[in-house]
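Colleague: Can you keep this structure in mind? I'll have questions shortly.
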Amino acid sequence: MKQLLSVRFLATMLSEQDVVKDAYVLFDDKIIEYGKLTEEKAQQFLNDKSISIVNKVVDGKIIQANSVAFPAFVKGHGHDETCLIGLRKEDILTEWLDNVVNPFSKFIKENHEQLKKKLHDDPFKVVFRKCRLDDIQFGITTYLAHQCNYNKYYIDELVEANDEAGTRAVIAVGSQDRNFHKEVLDTVDQAILRLDTAYGKHKDNKMATIIPGPDQDFSNSPEMLKAQKQWSREHEPHLLHIHSSEEKIATEMFTQRYGMTPIEYFHSIGMLDGNTFVAHQVQSTANDIKILRETQTPIINNPLANTILLSGVLNYKEVIENNIPYAVSTDGSGSADNQNILAACQLAFNFIRQQKGCPNAFKMLQRVTTSPAAILKQNVGTIQVGRQADFILFDCSKPYQACLTEENLLQMLLQKFVGNEITDLLCNGQFLLKDGKYGPRVQFDADKVINQVQIITDDFMEWMKQAEIIRETGVGWTANL
């Protein structure tokens, strides 16, 4: 059934000027129509029995929501590997991987049956559901989950949790065949079989897209990467995703050992083009920038995680001046930040200003909407006819929002809003958040999931007291150089 929403403001993200006051949006699973809600138009909608009015109707009048309608956010890179976002934030990236992320996934893998009995549910599904709650809370309907390390074995569980949540996933299936913890090393044939299996199972699922996601430069040989890239060329949507030049020590060690930077390595085996997109890329040489520009390889940068874990800051000004495609992301619920993608966008904006770049609000907000949507090849990122009906309603009744106008809306959204004003979130025209509460499309109990996550957390902390320390998941492989 067609639905109608009336809002105070609507920003389409089609252009800087396309902001509508006293607006409406008509939709089913896709956007059908939008514009200014005149009295005549309102009466037309009220008389049309095929349209469900989402707003309250009082005395024959549609009561406008004091909200801003904005395209749902798109997360171009992230991980769903742990729910312990705040644990050991003081660690640098490599120590944090060894001390938190991979031990957590190993813990669930080793204690899977015990946890399943205790939770009356699959523990990986529980964690993945919790990650979807994180995304939904901050307005993300479409995301890339980079399923690396132990998580590469649990693709089906992620797809199921995604289906239950009503969100849209691009799942990058991980691989490693060298310089890594031996328990998760693959052969090329094993990695390709994993891709084939996941793709075969889920290729008809319109809300889950399977692509290759080799983990790192140092952990994937030329033979592995060539095979993964060839697989991507043969399978829609022809995308491939990989980490690159995230941590300073790892990047330096890789360059020392192999005589080239990660970007030079990828380029030497013919892997870089507009369909291969790299995560982070905070350590770039002049030649890296040249290669990225010439190949038009997109970057997904994660400013919150990169600063929290002391990895570095992307030279945004250089990327912009060289017309390298880029998007801003949060690094996922398995990383060291929360999923407030608006806060990540604000931080990137401030970095660009500090680097003496001159972004405006529209171009910056594109980095969490239209840019990642284009990179992931998804029909979202704008409010326009024919796009999927994925959009956010921001409450605009706060004191700091008192001076909103059509002219300053995008600037205010970027610089004044804090991300917790989201009351409603729709994906394919279905409510994932409604009036600040999860649902009705979300098909699991959020409170139950949160309680289950606490049980997993408590058991994990006990397990860690006697667990063997994991190495060679960050840059532990450099110890023998």
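Going by full-length UniProt numbering, the residue at position 205 of the sequence shown is 205; the numbering climbs one at a time, nothing skipped.
The C-beta atom is built at its ideal place from N, Cα and C for all residues, glycine as well.
1) How long is the line joining the alpha carbons of His-77 and Gln-3, rounded to whole angstroms?
2) For residue 484, count the other beta carbons within 10 Å of its own beta carbon; 16 or more makes it buried, fewer makes it exposed. Which is it?
3) Where Val-68 and Tyr-24 are concerned, what is the direct C-alpha to C-alpha distance, given to the nearest angstrom?
4) Give me whichever residues DSSP pairs with Phe-277 in a beta bridge.
5) What distance in whole Å lies between the Cβ atoms of Asn-302 and Asp-331, which are believed to be in contact at a cut-off of 8 Å?
6) How many angstroms separate the CA atom of Val-20 from the CA atom of Phe-104?
7) Can you give the beta carbon distance from Thr-12 to Thr-405, rounded, assuming they're within the 8 Å contact cut?
8) Closest by CA to Asn-340, which one among Ile-210, Ile-31, Gln-147, Asp-135?
9) On the three-state DSSP scale, how would you describe Glu-33?
10) Near Gln-64, which residues of its chain fall below 8 Å by C-beta distance, leaving aside the five closest residues on each side in sequence?
11) Could you have a look at Thr-251 and say whether DSSP puts it in helix, strand or coil?
12) Looking only at its chain, what residues have a beta carbon closer than 8 Å to the beta carbon of Arg-367, apart from the 5 residues adjacent to it on each side?
13) Counting pairs of beta carbons, one from the segment 160-169 and one from the segment 426-444, are three or more of them closer than 8 Å?
14) Could you compute how far the alpha carbon of Thr-297 sits from the alpha carbon of Asn-322?
15) From His-79, Phe-351, Leu-414, pick the residue whose C-alpha is nearest to that of Leu-144; which is it?
16) Can you look up Ile-85 in the DSSP assignment and give me helix, strand or coil?
17) Just to confirm my understanding: we take Phe-362, look at its own chain, exclude 5 residues before and 5 after, and list those with CB closer than 6 Å. What are they?
18) Taking 7 Å as the cut-off, decide whether the C-beta atoms of Ile-31 and Val-385 are in contact.
19) List the residues that DSSP assigns as beta-bridge partners of Tyr-326.
20) Would you tell me roughly how many angstroms separate the C-alpha atoms of Ile-85 and Ile-392, rounded to the nearest one?
21) Just to confirm, are Asp-215 and Cys-131 a CB contact at a threshold of 7 Å?
22) Can you give me the start and stop residues for the beta strand (DSSP E) that Tyr-265 sits inside?
23) Quick check on DSSP: helix, strand or coil for Asp-134?
Modeller: According to the structure data:
1) 32 Å
2) No answer is possible for residue 484: the residues shown for the chain start at 1 and end at 481.
3) If I take the Cα positions, the gap works out to 11 Å.
4) His-241
5) 4 Å
6) 47 Å
7) The Cβ separation is near 16 Å, so there is no contact.
8) It is Asp-135.
9) strand
10) Ser-6, Val-7, Arg-8, Asp-22, Leu-37, Asn-55
11) helix
12) Tyr-326, Ala-327, Val-328, Cys-345, Ala-348
13) yes
14) 12 Å
15) His-79
16) Residue placement at Ile-85 cannot be trusted, given a pLDDT of 48 that sits under 50; what the coordinates show is reported in the next sentence. Three-state DSSP puts Ile-85 in coil, outside helix and strand.
17) Glu-16, Leu-410
18) yes
19) Ile-299.
20) Residue placement at Ile-85 is poorly supported in this model, since its pLDDT is 48, which falls under 50; the coordinates still yield a value, given next. Going from the Cα of Ile-85 to the Cα of Ile-392 covers about 24 Å.
21) no
22) That residue, Tyr-265, is in no beta strand (DSSP E); its alpha helix (DSSP H) goes 262-268.
23) helix
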